[in-house]
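Residue numbers (numbering that gives the first Met the number 0), protein chains in the order written: chain A, 0 to 423; chain B, 0 to 423; chain C, 0 to 423. First the structure, in the form of structure tokens, and then the observations on it.
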Amino acid sequence: MSEVQNVVELKLAMDTVWLTAAAALVFFMQAGFALLESGMSRAKNSVNVIMKNYTDMCFGSIAFWFLGYGLMFGTNHTGWLGMDSFMLTDAEPMDFSLLFFQTMFAATAATIVSGAMAERTRYPAYIVASIVVMGLIYPVYGSWVWGSAVSGEGWLAALGFIDFAGSTVVHSIGGWCALAGAIVLGPRLGRYGPGGELRKIAGHSLPLLALGGFILWLGWFGFNGGSTLEADASIGPIVLNTHLAAAAGVVGAILTMMVFRQPLLVTHTVNGSIGGLVAITAGCATMEPAFALATGLIAGVIVVGGTGFLNFIRVDDVVGAVPVHGFCGVWGTLAAGIFYVSNPFSSTIVMVQFLGVMAAFLWAFPLALLTFWLISRTIGLRSDSVAEQRGLDFSEHYESGYPDFHTIQMHAGTEAPRGGRDRA
Amino acid sequence: MSEVQNVVELKLAMDTVWLTAAAALVFFMQAGFALLESGMSRAKNSVNVIMKNYTDMCFGSIAFWFLGYGLMFGTNHTGWLGMDSFMLTDAEPMDFSLLFFQTMFAATAATIVSGAMAERTRYPAYIVASIVVMGLIYPVYGSWVWGSAVSGEGWLAALGFIDFAGSTVVHSIGGWCALAGAIVLGPRLGRYGPGGELRKIAGHSLPLLALGGFILWLGWFGFNGGSTLEADASIGPIVLNTHLAAAAGVVGAILTMMVFRQPLLVTHTVNGSIGGLVAITAGCATMEPAFALATGLIAGVIVVGGTGFLNFIRVDDVVGAVPVHGFCGVWGTLAAGIFYVSNPFSSTIVMVQFLGVMAAFLWAFPLALLTFWLISRTIGLRSDSVAEQRGLDFSEHYESGYPDFHTIQMHAGTEAPRGGRDRA
Amino acid sequence: MSEVQNVVELKLAMDTVWLTAAAALVFFMQAGFALLESGMSRAKNSVNVIMKNYTDMCFGSIAFWFLGYGLMFGTNHTGWLGMDSFMLTDAEPMDFSLLFFQTMFAATAATIVSGAMAERTRYPAYIVASIVVMGLIYPVYGSWVWGSAVSGEGWLAALGFIDFAGSTVVHSIGGWCALAGAIVLGPRLGRYGPGGELRKIAGHSLPLLALGGFILWLGWFGFNGGSTLEADASIGPIVLNTHLAAAAGVVGAILTMMVFRQPLLVTHTVNGSIGGLVAITAGCATMEPAFALATGLIAGVIVVGGTGFLNFIRVDDVVGAVPVHGFCGVWGTLAAGIFYVSNPFSSTIVMVQFLGVMAAFLWAFPLALLTFWLISRTIGLRSDSVAEQRGLDFSEHYESGYPDFHTIQMHAGTEAPRGGRDRA
């Protein structure tokens with residue numbers, strides 16, 4: 000194919016191949032989020048949910064190239080912000096590989112938000128918010144932890160904060176923005192009854208939801224494995240831990256449902272795996288497999304419990320983005336300290352982890368609240384109630400997701416039919 | 000990215016990258032199986048089928064880490080069983096890469112079973128069975144053939160048995176377990192009429208079925224290509240053979256349907272490709288492309304004929320798992336001997352291949368029969384008939400796969416509407 | 000895993016790994032096309048569309064191995080045609096890797112055609128046409144541009160024609176064949192009213208359409224990144240440009256819809272991304288990121304405008320294959336000249352690009368017209384009108400894509416319900 004290159008060039012080519020393959024897998028997570036979120040929404044909003052996932056990444060990728068990458072990975076003199084590398088042009092090939100990989104990470108943080116806000120958020124408002132997340136909220140926090148990857152060093156990195164692939168940097172940040180959005184929006188019409196009681200609103204396609212889960216799981220091998228930023232034998236234990244934690248997350252969610260004598264919902268099951276993946280993301284490179292299993296198992300419990308907690312405080316998070324990405328991100332970041340390979344159960348390490356977790360919340364949540372509040376005061380955040388009842392597919396896109404099928408206009412609070420059950 | 004490493008480290012890093020990418024593709028086959036099997040089932044069981052596929056891998060992956068991997072790849076003094084490497088911890092990174100890759104293989108063997116048993120198997124019973132397959136049935140046979148990959152040597156390997164990526168080790172083992180399960184369960188309600196005549200029960204989403212087929216085909220490039228266990232130029236002919244055999248499998252299935260003047264069913268077509276892939280799995284590394292085409296073509300014929308044969312003996316295999324994985328696994332293993340590159344049509348080689356095929360059946364089928372019989376006598380294997388008629392989504396998970404759509408409660412034996420056809 | 004090899008072998012192994020991974024991604028684009036095209040068709044044709052996508056690749060891959068690869072990459076003494084390497088057997092492993100990768104490219108060119116001709120083309124007629132495209136039309140043009148990759152040199156390559164990964168070689172060729180097919184077929188029944196006015200025929204599953212778009216976008220990282228034909232650091236800027244152009248294509252399509260005060264259709268949005276990807280394919284290796292953004296942005300405009308233009312001249316292209324692959328292929332090939340990195344805006348380069356674009360049209364369009372005309376005069380190209388109204392799933396395959404669901408027999412010209420809209 001070409002002249003033989005020397006070993007330096009070989010390594011560079013190999014790093015490029017791995018970063019590209021891993022970034023492609025992380026890109027594919029966008030499809031996973033789109034299907035998972037669309038599948039958990041009603042048919043009348045299926046197109047709108049997917050449009051948001053498809054296009055937030057488009058506007059956001061350009062915003063990240065324009066601004067975000069420089070804020071996050073530019074030369075970081077203060078530890079609080081990068082200051083160059085905006086609109087990267089005319090750089091080394093490897094710099095472009097890094098930008099490509101990091102763009103996919105930024106897109107992940109942004110798209111987490113859409114699920115919590117599904118079925119009632121205006122399309123243009125959502126797009127503006129996702130540009131703010133990818134261009135500003137995510138990269139600034141990211142510079143505190145990962146800025147050192149290129150030059151300078153973030154202040155959290157300097158303290159020894161461990162977040163290998165972004166339980167906090169990507170997932171908690173996304174989760175807190177999602178929480179802010181869901182709070183500013185308020186719940187969907189009829190989600191809670193007059194006495195505040197929860198009414199079930201079933202997602203329209205659980206097979207698509209599950210396919211979304213499989214795709215996210217697949218993508219995570221690139222997410223965590225690619226965070227080595229180079230081809231290296233250490234990828235092996237990283238992806239093994241990733242897989243075991245996801246499997247254990249499912250087991251944890253299923254055991255929790257069994258203990259509370261709930262039916263074994265596929266929604267909780269899939270979210271259990273994603274919760275396990277979120278949790279192992281911080282510590283996958285610095286944990287023994289048995290601890291990865293424990294990290295995932297507890298994440299599965301948190302997913303089921305956290306979903307119940309959010310409904311208890313009447314925050315309507317359509318897909319469970321806050322428990323899965325926010326809460327499990329916190330747990331995973333702490334677990335990365337608790338189970339740190341060469342020095343497990345060190346309170347010093349755990350304190351730094353806790354500090355990083357708090358910093359993420361204090362940075363992202365108020366700023367996201369402000370962003371959504373400003374949007375709601377200007378261009379308008381929430382669809383009007385006629386549009387919400389009719390479905391956003393019609394009101395925003397004048398399309399139907401499934402025009403050839405008789406669909407049931409789901410009224411909020413419509414329950415699945417009751418009847419006998421056949422469980423062991 | 001890092002200091003330049005020496006050539007040994009480079010090779011190790013490259014092997015890791017390839018094993019990881021290949022394992023990710025094999026992982027994705029789980030989504031392929033889930034969609035293919037759910038698509039071939041009725042809407043009322045669509046969630047249950049996917050839950051089984053999503054979670055068998057979770058429980059099974061942990062079982063394989065705990066027990067199976069050691070049985071299969073641990074030090075093998077006798078040739079019949081590995082005896083260490085259980086709960087692998089604190090090992091070389093490459094060992095974790097291997098475990099990661101092999102876990103995905105074990106999950107494949109287990110998940111094959113679910114399709115044959117769809118629409119009438121209780122969820123907890125199925126999960127117990129899949130743990131037995133991944134933790135015991137699959138790895139013990141595997142140790143006879145592939146145990147030598149790490150240390151010691153399996154007795155079939157010692158005889159020169161050729162099964163490069165597992166036509167027998169993975170697919171026939173899975174197929175025979177599926178056959179045992181379908182026999183112990185018995186057919187779905189109404190699958191065969193009072194006179195034993197076959198009644199068509201159509202799958203609820205053929206587009207999902209076809210997507211499952213595409214994903215399986217994609218994953219197979221990792222399945223066969225990754226079985227080199229290292230980055231090597233020999234991957235090229237392996238994946239080419241894989242692709243050509245799959246294509247020829249489709250051509251074989253279509254020609255068979257044309258010869259018998261049947262309509263060109265997408266179900267048989269997709270199964271034809273999977274049959275071709277199963278068949279080439281044993282010999283993909285030791286066959287010329289023209290022979291790969293022949294192997295696939297015959298597999299396509301076997302898929303259509305084998306599906307008819309199973310119905311003739313009234314074994315209700317919902318997705319055709321037994322003909323596709325069992326029968327085509329046998330054919331492919333024999334073909335690997337018949338078309339062996341340096342010595343084709345040698346009766347000595349074919350005899351050894353036949354011995355390995357027989358050993359797989361004699362090990363897996365009775366043991367799986369026993370497992371399913373024990374389950375049926377204890378926790379119960381088959382759903383009660385009210386649950387089966389209502390659908391397992393409701394009875395086991397209290398969910399509906401498609402709550403926003405008017406679905407037709409398919410009565411067993413409901414035929415597609417008859418009428419004129421427009422075929423050349 | 001193996002003895003350490005020398006640097007030459009290492010490079011070869013690494014090239015193989017990258018080519019294999021990239022080819023697997025390109026293969027997966029077949030699933031993307033199948034879903035996108037099936038999602039844009041009515042439910043009654045959903046199986047037929049997918050069958051065509053699933054099987055054109057099968058017959059065509061064998062035809063490409065048998066004939067096409069040799070025509071395209073065989074020794075090319077005249078610059079107009081390769082003359083050996085047919086039925087490749089007993090070659091170097093790397094040759095098989097190349098054949099594997101190039102087979103996926105040929106399959107892409109062929110499958111583009113199916114979308115434009117959906118919902119009214121007989122299955123066997125389509126298969127014959129796709130064998131001609133993969134075995135003859137595509138590889139002969141390809142030999143003019145890429146023949147030099149192995150030995151000899153194509154006449155367009157000799158002139159300096161730039162088409163790195165095939166905006167013209169793959170996509171325009173496919174687009175012109177699609178245009179010829181749509182013209183020979185004529186529009187679907189009722190697509191245009193008595194006065195020639197356009198009637199909307201909505202696709203049956205927009206979530207599947209969007210998933211198809213995500214998969215195509217993912218596959219394109221292999222399509223463009225793999226066209227290096229080796230592991231190399233230059234893959235980084237190539238895939239970054241690919242991603243930015245796709246994102247900009249979406250932005251371009253959305254801005255166009257906003258300017259013309261149209262609803263924000265997901266169909267145009269997804270096609271905008273594919274148009275951006277098609278356009279950047281020629282110049283992705285020789286363009287700065289800012290120019291990649293411009294290339295994609297304009298492609299998004301072309302997609303929306305070109306779709307309107309085709310309807311204006313009453314060519315019924317069901318999925319927009321002609322504007323997306325044909326028109327954006329032309330634009331992208333010119334853009335590769337206009338934005339050529341070391342010498343942008345050179346009229347000499349642009350002239351050669353224009354020549355290559357014209358040559359593609361003059362070769363592919365008349366030959367495809369002739370092929371489709373011959374098919375229509377012999378075995379018959381178009382389904383009879385009873386079959387078309389009933390749906391090709393029933394008439395050709397005797398299957399229903401969604402037998403458990405009440406579907407609406409869409410009459411041509413059925414509009415989505417009208418009503419108030421809620422856009423900013």
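Don't be surprised by glycine CBs; every beta carbon is placed ideally from N, CA and C. Owing to the predicted nature of the structure, the values given are computational and were not obtained by experimental measurement.
Item                                                                                                                                               : Value
Inter-stretch contact (C-beta, 8 angstroms, three-pair minimum) for the region 191–205 of chain A and the region 36–47 of chain A                  : yes
Identity of the residue in C:A201, C:G305, C:I200 nearest A252 of chain C by Cα                                                                    : C:G305
Interface flag, L215 of chain C vs chain B, CB-CB below 9 angstroms                                                                                : no
Own chain residues within Cβ distance below 7 angstroms of L184 of chain B, not counting five before or after                                      : M116, R119, T120, L380, R381
Residues that D55 of chain B contacts on chain A, provided the C-beta gap is smaller than 7 angstroms                                              : Within 7 angstroms Cβ-Cβ: nothing; D55 of chain B doesn't reach chain A, min ~10 angstroms.
Within 9 angstroms of chain A by C-beta, residues of the region 81–95 of chain B in sequence order                                                 : M86, L87, T88, D89, A90, E91, P92, M93, D94, F95
Three-state class that DSSP yields for T332 of chain B in the structure shown                                                                      : helix
Contact check, G125 of chain A vs A209 of chain C, beta carbons under 9 angstroms                                                                  : It should be pointed out that residue 125 of chain A corresponds to Tyr in this sequence rather than to Gly. Contact: no.
W159 of chain C, buried or exposed, once every other Cβ within 10 Å from all chains shown has been counted against 16                              : Looking at the sequence shown, residue 159 of chain C is not Trp but Gly. Per the 10 Å Cβ criterion, exposed.
Where the alpha helix (DSSP H) containing P288 of chain B begins and where it ends                                                                 : 288–311
Short CB-CB distance (under 9 angstroms) between H405 of chain C and chain A                                                                       : yes
Touch test, the region 319–327 of chain A against the region 272–291 of chain A, Cβ-Cβ under 8 angstroms, three pairs minimum                      : yes
Among C:F32, C:T74, C:L9, C:V25, the one whose alpha carbon lies nearest that of F104 of chain C                                                   : C:V25
Residue nearest to G192 of chain C in terms of C-alpha spacing, selected from C:N310, C:F95, C:A359                                                : C:N310
Own chain, CB closer than 7 angstroms to I130 of chain C, minus 5 neighbours either side, in chain order                                           : F58, G59, A62
Helix, strand or coil at Y191 of chain B [DSSP, three-state]                                                                                       : strand
Chain C contacts made by the region 182–194 of chain B, where a contact means CB separation under 9 angstroms                                      : none
Short CB-CB distance (under 9 angstroms) between T266 of chain B and chain C                                                                       : yes
C-beta atoms of T15 of chain C and D231 of chain B nearer than 9 angstroms                                                                         : yes
Secondary structure of F213 of chain C, DSSP reduced to three states                                                                               : helix
is_contact[G400 of chain B, chain A] using C-beta, thresh 9 angstroms                                                                              : yes
R389 of chain C: first and last residue of the uninterrupted alpha helix (DSSP H) it sits in                                                       : 384–389
C-beta neighbour in chain B for L34 of chain C, strict 9 angstroms                                                                                 : yes
Contacts around Y339 of chain C, its chain only, beta-carbon distance under 8 angstroms, and the 5 residues preceding and following it disregarded : I161, G282, T285, M286, S345, I348
Where V249 of chain C meets chain A, residues with beta-carbon distance less than 9 angstroms                                                      : Y53, T54, M56, C57, F58
Own chain partners of S45 of chain B with C-beta closer than 7 angstroms, once the 5 adjacent residues on each side are dropped                    : S37, H203, D392, G400
4-residue-minimum alpha helix (DSSP H) runs that sit fully inside the region 50–111 of chain B, ordered along the chain                            : 68–72
Cβ neighbour criterion (16 or more within 10 Å) applied to S341 of chain C                                                                         : exposed
Distance, Q29 of chain A Cα to G502 of chain B Cα                                                                                                  : A query on residue 502 of chain B cannot be resolved here, the shown segment of chain B reaching from 0 to 423 and no further.
Minimum C-alpha distance to L354 of chain B - residue among B:M256, B:W154, B:P365, B:V238                                                         : B:W154
L66 of chain B beta carbon less than 9 angstroms from that of G454 of chain B                                                                      : Summary: the structure shown does not reach residue 454 of chain B, with chain B confined to residues 0 through 423, and so no result is reported for it.
Assigned exposure category for N5 of chain A - 16 Cβ within 10 Å defines buried                                                                    : exposed
Chain C within 9 angstroms of F220 of chain B, Cβ atoms only                                                                                       : yes
Cβ-based neighbour list, V318 of chain C, same chain, cut-off 6 angstroms, excluding 5 preceding and 5 following                                   : E36, M39, G114
Endpoints, the alpha helix (DSSP H) within which F364 of chain A is located                                                                        : 346–376
Contacting positions in the region 296–328 of chain A - beta carbon closer than 9 angstroms to chain C                                             : none
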